[in-house]
Amino acid sequence: RGLSTVLVTHDIPEAVFLGQWILVLPGEPGREPALIRNPGAGDPAYRAQPE
């Protein structure tokens, strides 16, 4: 079994570096959250890319 961790942050670069999956919650009620796969998690070079 793998280990799952939920980290809540408002820091986008931190989320990009740490998260294999990133859940972006909308600022408005009734809108759906976005689930984003992050293949470069943990790679400092990926963190520095503009996208």
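Numbering-wise (my numbering), the sequence shown opens with residue 1 and increments by one.
C-beta atoms are modelled at their ideal positions from N, C-alpha and C, and glycine is treated no differently.
These numbers come from a predicted model, not from an experiment.
Handout entry: Residue range of the unbroken beta strand (DSSP E) whose run includes V24
Key = Working through the sequence shown from its first residue, we reach residue 24 at position 24. V24 -> beta strand (DSSP E) spans 21–24.
Handout entry: Pick from A34, P29, V16 that is closest to D43, judged by C-alpha positions
Key = The count along the sequence shown starts at 1 and reaches residue 43 at position 43. Nearest neighbour of D43 by Cα position, chosen from A34, P29, V16, turns out to be V16.
Handout entry: Best match in P26, H10, W21 for proximity to R37 [C-alpha to C-alpha]
Key = Taking the sequence shown and counting its residues from 1, the one referred to as residue 37 is at position 37. Among P26, H10, W21, the Cα nearest to that of R37 belongs to W21.
Handout entry: Close Cβ partners of Y46 (< 6 Å) along its chain, the five nearest in sequence each way excluded
Key = Position 46 of the sequence shown, counted from the first residue, corresponds to residue 46. Same-chain partners within the cutoff: G40.
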